[in-house]
Each structure stands twice: as C-alpha cells, then as structure tokens.
C-alpha cells in the first residue's frame with residue numbers, strides 16, 4: 001500500500017500503534033507485520049490500515065474501525081494476541097498504543113480507496 | 123526522537139497526518155518537517171509528536187494534545203498554516219488527516235518522556 005487510506009465519514013475509531021524495533025529477528029518480524037496487516041484488513045469493521053517505519057526503527061501503524069466493538073474483536077483475535085505477545089518479548093524495544101474516536105477527517109490528492117469506502121475531501 | 127511518546131492519561135486528543143510525498147523539493151520538505159515538529163512541541167497543550175516515513179514515501183505524523191482548544195490553536199497557527207499550504211501545493215501527492223479523542227492508551231518498554239508527562243504502563 002502506498003497512498004494514505006481515504007478517511008471514512010466520522011465517527012469511526014482508530015488504533016494508533018507506535019513502536020521502536022529491538023533490531024532482533026528481522027525476518028520473523030517482517031513476516032508477522034505483513035500477516036497482521038493482511039489479517040486486520042479481513043476483520044469485520046476494519047476500514048483500512050496505514051503503516052510507516054523509518055530508518056531509525058520508529059514505526060507507526062494506524063488501523064481504522066467502524067466502531068468500538070470491531071476494535072475489541074480485533075484485540076481479542078487469537079493470532080493478533082499471539083503476535084502482540086511475541087512483539088513484547090522479541091520485536092519491540094518499546095511501544096505505545098492509543099485507541100481513539102475520530103471526530104473530524106480530511107483528505108486531499110489521490111488517497112487510496114481499496115476498501116471501497118468513500119473519501120472525504122476537505 | 124526515537125522512542126515512542128509516553129501516552130498521557132486519557133482523555134486527550136491526537137492529530138494523525140498520513141501523507142505520500144510527491145518526491146519534489148526534498149531539501150525544502152526536510153527543513154519544513156523539522157521546523158514544524160519543533161514548533162508543534164512548543165505550542166501550549168502539545169503533549170508530544172511521533173513521526174515515521176518509510177522508504178516508499180508514505181509517512182505518518184501523530185501529535186498529541188491536551189484538549190480540542192489546543193488542536194484548533196495549532197490549526198490556526200500562521201507558520202503551520204503556511205506549511206500546510208506549501209505541502210498541498212508541492213510536497214504531498216496525497217494526504218489524510220484524522221482528529222480524534224483518545225479513550226484508552228497503553229505503553230511498554232522505555233517510552234520517551236521528554237515532555238515531562240507521565241507514562242502509563244498497561
């Protein structure tokens with residue numbers, strides 16, 4: 001994925017995961033990150049995922065959800081729970097997670113609309 | 123900045139800016155990004171900033187704010203407004219902006235506490 005996810009019409013939820021890689025197990029980490037990105041997109045209520053990781057090891061992954069119930073269902077997903085445990089043990093030196101209700105959203109340019117959701121232009 | 127910002131105690135606001143670089147004017151973009159990061163941190167109510175941009179050109183910048191008033195004041199800041207205009211014209215192929223109220227937050231490992239705000243451990 002390259003272009004930013006087109007914001008759906010608020011209100012919706014976002015889960016913002018900020019992490020610093022430990023530097024260990026690059027191959028295992030990359031496989032997990034790819035699998036969890038794809039798995040999130042398959043979940044009911046998932047409206048998209050944006051991810052970026054810089055050369056300094058700091059990464060931000062944001063997933064967008066229709067409502068709080070879909071956020072909680074993803075938290076409780078068994079494969080996602082296992083990935084989080086491995087992340088805390090092995091892949092992340094530190095992390096922060098923010099669960100938030102989106103009140104306003106804007107977009108410009110050619111945002112990604114892979115999920116079939118409508119974009120909002122400012 | 124390397125480690126994730128330590129989440130303050132909710133509720134607080136976050137502004138999530140996802141952008142795809144146009145590839146134009148790398149030097150001007152880098153100078154603006156550095157200046158805006160520093161300027162955001164100086165604003166009243168700003169609780170921190172996390173930023174990452176991957177090799178594919180997709181970047182995510184998240185700023186954290188004490189309340190909606192401080193979000194709106196930053197939106198109306200003159201230098202920030204100018205930077206946004208240049209961004210739309212020159213630096214970004216596309217972007218999406220999400221303004222959200224954080225309901226829950228967790229952290230683990232050695233998160234950054236440069237702002238003097240307290241961390242929340244899960």
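Residue numbers (the working numbering), protein chains in the order written: chain W, 1 to 122; chain V, 123 to 244.
C-beta: ideal position from N, C-alpha, C; glycine also.
| said: Please report the straight-line C-alpha distance between residue 123 of chain V and residue 172 of chain V, rounded to a whole angstrom. | reply: Taking the second chain and counting its residues from 1, the one referred to as residue 123 of chain V is at position 1. Taking the second chain and counting its residues from 1, the one referred to as residue 172 of chain V is at position 50. Low per-residue confidence applies at residue 123 of chain V: pLDDT is 48, beneath 50, and the placement is therefore not dependable, though the value from the model is reported in the following sentence. Spanning the two alpha carbons is a distance of roughly 8 Å.
| task | Inspect the beta-carbon positions of residue 102 of chain W and residue 222 of chain V and report whether they are closer than 8 Å. | result | Working through the first chain from its first residue, we reach residue 102 of chain W at position 102. Working through the second chain from its first residue, we reach residue 222 of chain V at position 100. Against a cut-off of 8 Å, the Cβ pair of residue 222 of chain V and residue 102 of chain W comes out as a contact.
| Between residue 220 of chain V and the rest of its own chain, which residues show a CB-CB distance below 6 Å, the 5 nearest in sequence each way excluded? | One-based indexing of the second chain puts residue 220 of chain V at position 98. 138, listed in sequence order.
| Counting Cβ pairs, one atom from each stretch, are 3 or more of them under 8 Å apart for the region 68 to 80 of chain W and the region 27 to 43 of chain W? | yes
| query | Among the residues of its own chain, which have a CB less than 6 Å from the CB of residue 174 of chain V, if the five just before and after it don't count? | reply | The residue given as residue 174 of chain V occupies position 52 in the second chain. Contacts found: 182.
| task | Output the boundary residues of the beta strand (DSSP E) element that contains residue 21 of chain W. | result | By one-based count along the first chain, residue 21 of chain W stands at place 21. Residue 21 of chain W -> beta strand (DSSP E) spans 12 to 21.
| Local conformation of residue 172 of chain V per DSSP, three classes | Taking the second chain and counting its residues from 1, one reaches residue 172 of chain V at position 50. Residue state, collapsed to three classes: strand.
| request: Can you grab the Cα-Cα spacing for the pair residue 191 of chain V / residue 104 of chain W, in whole Å? | output: Mapped onto the second chain, residue 191 of chain V falls at position 69. Mapped onto the first chain, residue 104 of chain W falls at position 104. In a straight line, the C-alpha of residue 191 of chain V is about 14 Å away from that of residue 104 of chain W.
| request: Alpha carbon to alpha carbon, how far is residue 187 of chain V from residue 193 of chain V? Give it in angstroms, no decimals. | output: Locating residue 193 of chain V in the second chain gives position 71, counting from the first residue. Locating residue 187 of chain V in the second chain gives position 65, counting from the first residue. Their Cα atoms are separated by approximately 6 Å.
| query | Under three-state DSSP, which class holds residue 24 of chain W? | reply | As a position in the first chain, residue 24 of chain W is number 24, starting the count at 1. In the structure shown, residue 24 of chain W sits in coil (DSSP, three-state: anything other than H, G, I, E or B).
| said: Let me see if you follow: with CB-CB separation under 8 Å, is residue 49 of chain W close to chain V or not? | reply: Taking the first chain and counting its residues from 1, one reaches residue 49 of chain W at position 49. So no, residue 49 of chain W is outside the interface.
| message | With a threshold of 6 Å on Cβ separation, who are the neighbours of residue 141 of chain V within its own chain once the five nearest residues in sequence on each side are excluded? | response | On the second chain, residue 141 of chain V is found 19 positions in, with the first residue counted as 1. Same-chain partners within the cutoff: 181, 214 and 217.
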